[in-house]
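Encoded as structure tokens, the structure appears first; notes follow it.
Number of protein chains: 2
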Amino acid sequence: MKLSTRSRYGTRLLLDMAQNYQGGPLHLTSIANRQGISVKYLEQIIIPLKKANYVKSVRGPKGGHVLARPPEEITVGEIVALLEDGVSLVECSERPESCHRSENCVTRHIWREAAAAMFAKLNSITLADLLKISETEGGAGA
Amino acid sequence: MKLSTRSRYGTRLLLDMAQNYQGGPLHLTSIANRQGISVKYLEQIIIPLKKANYVKSVRGPKGGHVLARPPEEITVGEIVALLEDGVSLVECSERPESCHRSENCVTRHIWREAAAAMFAKLNSITLADLLKISETEGGAGA
DNA sequence: TAAAATCTATAATATAATTATATAGATTAA
DNA sequence: TTAATCTATATAATTATATTATAGATTTTA
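Rendered as structure tokens:
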């Protein structure tokens, strides 16, 4: 039930970009250094973020990555849903046919409700909110 | 971010026992058959449930397992917390020392809030609630 | 009291998912 | 045209999950 590093690192990646939103494109290398994450791993994580249009990239020297939208318009819930590959706690929430017991399964409803509660919270938090906190507190971490 | 089979099977295990609460102790074999789960795996899962006093066992022929408390007093949240080994979505929620960035990490707060939202929901559901649903609907599944 | 049914404990294995790294290539500003 | 950067794909390492196997302990009942 733990979050994968994909969604955690991805969130920190975007938060880092939000914290440096005013300047030009950021090198992944510099983000990786600040965050203590391998560049190569971030390169993989940023791909879906680009596809989903959270990030724009510029190639060549002086290139890098920028947020494609303002931090106010990006929620943590979206990021996690994208990088965890869905908003469910069990396979059968999204694909009932994955389990032949789905039809008359009582427990699957509660897993759906639990996931919904969790994402309701995550969807209510934008990168801008995190920015605000980080300005009073510190950096980024987990 | 998926729930492990441990907590899913554990919940179904207890629900099955709740559905047959009136009779004597249930054989793990019969539960395993009804639920389509291997006996050997259930034997492992039931151990922490016994330690935490959700289940009582009787050895020997005619032995088996019974709920140690009425279904009204057992919430799904407790079961999941027990079998997932905690109520957090990230290691650092429960053990901040597990990450040297914890101190000034912004994101860890939101993972804690998300987990709290999820467990608030799960804690509000008892086995008795599931029983009620299963009486109108069907069996147990996921 | 002995046999059989059951639970208990621990170990071993298999499988899959996650995390991380490596290699080679494409793009483009200067 | 070179060097800095992003892009794509493949591979390896690690860890977690799920399952099975083996041997043992307990206890009812015939």
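Residue numbers (my numbering), protein chains in the order written: chain A, 41 to 182; chain B, 41 to 182.
Ideal Cβ positions, reconstructed from N, Cα and C, are used throughout, including at glycine.
These figures come from a predicted structure and were not determined experimentally.
C-beta neighbour in chain B for residue i, strict 7 angstroms
{"i": "LEU66 of chain A", "result": "no"}
{"i": "LYS172 of chain A", "result": "no"}
{"i": "ALA157 of chain A", "result": "yes"}
{"i": "ARG52 of chain A", "result": "yes"}
{"i": "ALA72 of chain A", "result": "no"}
{"i": "ILE150 of chain A", "result": "yes"}
{"i": "ILE87 of chain A", "result": "no"}
{"i": "ALA154 of chain A", "result": "yes"}
Amino acids of chain A, ordered along the chain, whose beta-carbon sits closer than 8 angstroms to that of residue i
{"i": "GLU124 of chain B", "result": "MET41"}
{"i": "ARG48 of chain B", "result": "VAL130, THR147 and TRP151"}
{"i": "LEU55 of chain B", "result": "VAL146 and THR147"}
Residue-chain proximity (residue i, chain A), Cβ-Cβ < 7 angstroms
{"i": "THR147 of chain B", "result": "yes"}
{"i": "THR115 of chain B", "result": "no"}
{"i": "ALA92 of chain B", "result": "no"}
{"i": "ILE165 of chain B", "result": "yes"}
Span of the alpha helix (DSSP H), counted from its first residue to its last, around residue i
{"i": "ARG141 of chain B", "result": "No alpha helix (DSSP H) contains ARG141 of chain B, which DSSP labels as neither H nor E."}
{"i": "LEU162 of chain A", "result": "147-163"}
{"i": "LEU167 of chain B", "result": "167-176"}
Interface partners of residue i on chain B, CB under 9 angstroms
{"i": "ILE77 of chain A", "result": "Going along chain B, no residue has its Cβ under 9 angstroms from ILE77 of chain A, so there is no contact; the nearest lies around 11 angstroms."}
Residue i: contacting residues in chain B (beta-carbon distance under 7 angstroms)
{"i": "LEU107 of chain A", "result": "Ordered by position in chain B, no residue passes the 7 angstroms Cβ test against LEU107 of chain A, which lies about 16 angstroms from the chain."}
Proximal residues of chain A, C-beta to C-beta of residue i below 7 angstroms
{"i": "ALA160 of chain B", "result": "ALA157"}
Chain-ordered chain A contacts of residue i [CB-CB under 9 angstroms]
{"i": "ALA10 of chain B", "result": "The question about residue 10 of chain B has no answer here: the residues shown for chain B are numbered 41 through 182."}
{"i": "SER44 of chain B", "result": "MET41"}
query = Hey, which unbroken runs of the alpha helix (DSSP H) at 4 residues or more fall wholly within the region 50-135 of chain B?
reply = As far as the region 50-135 of chain B is concerned, its whole alpha helix (DSSP H) runs of at least 4 residues are 68-75, 79-91, 116-123 and 131-134.
query = Hey, is the region 96-113 of chain A in contact with the region 150-160 of chain A, meaning 3+ C-beta pairs nearer than 8 angstroms?
reply = The answer is no - the region 150-160 of chain A does not touch the region 96-113 of chain A, with fewer than three Cβ pairs under 8 angstroms.
ask   = With contact counted as at least three CB pairs below 8 angstroms, one residue from each stretch, are the region 48-55 of chain B and the region 66-82 of chain B in contact?
value = As far as the Cβ criterion goes, the region 48-55 of chain B touches the region 66-82 of chain B, which means the pair count is three or higher.
task = Say whether the region 110-122 of chain A touches the region 156-176 of chain A, bearing in mind that this needs 3 or more beta-carbon pairs closer than 8 angstroms, one atom from each stretch.
result = They touch, by the three-pair rule.
ask   = Any chance the region 61-68 of chain B sits against the region 92-104 of chain B, with 3 or more Cβ pairs inside 8 angstroms?
value = Touching, yes, given that three or more Cβ pairs across the two stretches are closer than 8 angstroms.
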